[in-house]
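Q: What follows is a structure written as structure tokens; I'll ask about it next.
Numbering (our numbering), first residue to last: 21 to 334.
Below, the structure is given as structure tokens:
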């Protein structure tokens, strides 16, 4: 009886909430009219593709033939038969664990240090740190740096100082490929999140620091934890989302530097695996299943990080 009473109260509360929301929507219908262009574009180019991908993940679809429903077979094949996918999951996990947290922390620290610089020098430093993320194929320069012969800059430097006797195949040797991909991806990860941190530092009310010192803040670390970080929670969350996206979306760098496919699949990631089945083999149902798994993993990581950021400053 108590459970039924609770269910009735919950349903009544939900009905009242929906009715109140509908009343507010009718009262502010002009606002929704202004939001309509963005909402239409967002639904068309984000929500519908995600829903379509989820549907196709349960089908066999090769573009040439109509999609055929096969249930969970794509997911079963991924985890029980596709050894290359498991390798790509391991590599993606390694990249995410290193690139995500390290890139996030470095972006914040560099933004914090740059905030202390004079205004003109701060503008120059922001441009220098932001350039790698807007350079498009800027990482192609690493093809020259890690070139596998004596003309590669890194090989030439090591040979000049007698550290190696023969050139090392940095981009084709499985022992080094993933490490180089992580280094280059980390170099490129300080982009939009870094800018959001810089803007967040500029938007903090200076009087809060004065009040903090009156209330007992004694050093810069206490100031950072109790004043700066709580004041920047929206920017921290945005930077976390961008960091998760960049760490899980490692695909262009290994394809450009290590080849496609890479030697022994040592630089294979989930994104390159998806690219292989989606744009090389045109097995769109299988590629959709890979995309759904990647999407779910990113959502779960975002939830976990949001929970951690909610505890900042408490």
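Each residue gets a CB set at the ideal place from its N, CA and C atoms; glycine is no exception.
Every value quoted in this text rests on a predicted model; they were computed, and no experiment measured them.
1) Are residue 271 and residue 292 close, meaning C-beta to C-beta below 8 Å?
2) Does the Cβ of residue 220 have 16 or more other Cβ atoms within 10 Å, making it buried, or fewer, making it exposed?
3) In this structure, does DSSP put residue 302 in helix, strand or coil?
4) Work out the CA separation of residue 149 and residue 137 for me, nearest whole Å.
5) For residue 285, which three-state DSSP category applies?
6) With 16 as the cutoff for other CB atoms within 10 Å, does residue 307 come out buried or exposed?
7) Taking C-alpha atoms, which residue in 329, 296 and 201 lies nearest to residue 276?
8) Would you give the residue range spanned by the alpha helix (DSSP H) that residue 275 belongs to?
9) Is residue 81 helix, strand or coil by DSSP?
10) Can the beta-carbon of residue 267 be found closer than 8 Å to that of residue 90?
11) According to the Cβ coordinates, are residue 87 and residue 79 closer than 8 Å?
12) Can you have a look at residue 288 and say buried or exposed, based on whether 16 or more other CB atoms are within 10 angstroms of its CB?
13) Specify the secondary structure class of residue 162 as computed by DSSP and reduced to three states.
14) Using the three-state DSSP reduction, which class does residue 88 fall into: helix, strand or coil?
15) Hey, out of 264, 31 and 105, whose CA is closest to residue 281's CA?
16) How about residue 132 and residue 166: are their beta carbons less than 8 Å apart?
17) Can the beta-carbon of residue 209 be found less than 8 Å from the beta-carbon of residue 258?
18) Kindly indicate which residue of 223, 241 and 278 has the alpha-carbon position closest to the one of residue 255.
19) State buried or exposed for residue 69, treating a residue as buried only when at least 16 other CB atoms are found within 10 Å of its CB.
20) Could you tell me the alpha carbon to alpha carbon distance between residue 114 and residue 296, rounded to whole angstroms?
21) By the DSSP assignment, the alpha helix (DSSP H) with residue 293 in it spans what residues?
22) Under 7 Å Cβ to Cβ from residue 261, same chain only, skipping five residues before and after it: list those, please.
23) Counting only the same chain and skipping the five closest in sequence on each side, list residues whose C-beta sits under 8 Å from that of residue 319.
24) Which residue spans inside the segment 196 to 259 form an unbroken alpha helix (DSSP H) run of at least 4?
25) What is the DSSP secondary structure of residue 181, counted as helix, strand or coil?
26) DSSP three-state label for residue 192, please.
A: Taking the coordinates as given:
1) yes
2) buried
3) coil
4) 14 Å
5) helix
6) buried
7) Checking every option, the nearest Cα to that of residue 276 belongs to 201.
8) 272 to 278
9) coil
10) no
11) yes
12) buried
13) helix
14) strand
15) 105
16) Not in contact: residue 132 and residue 166 (Cβ atoms no closer than 8 Å).
17) no
18) Selected option, being the one with the closest Cα: 223.
19) Burial is judged here by how many other beta carbons sit within 10 angstroms of a residue's own beta carbon; residue 69 has fewer than 16 and is exposed.
20) 20 Å
21) 290 to 295
22) 322
23) none
24) 197 to 208, 212 to 222, 226 to 235 and 240 to 243
25) coil
26) coil
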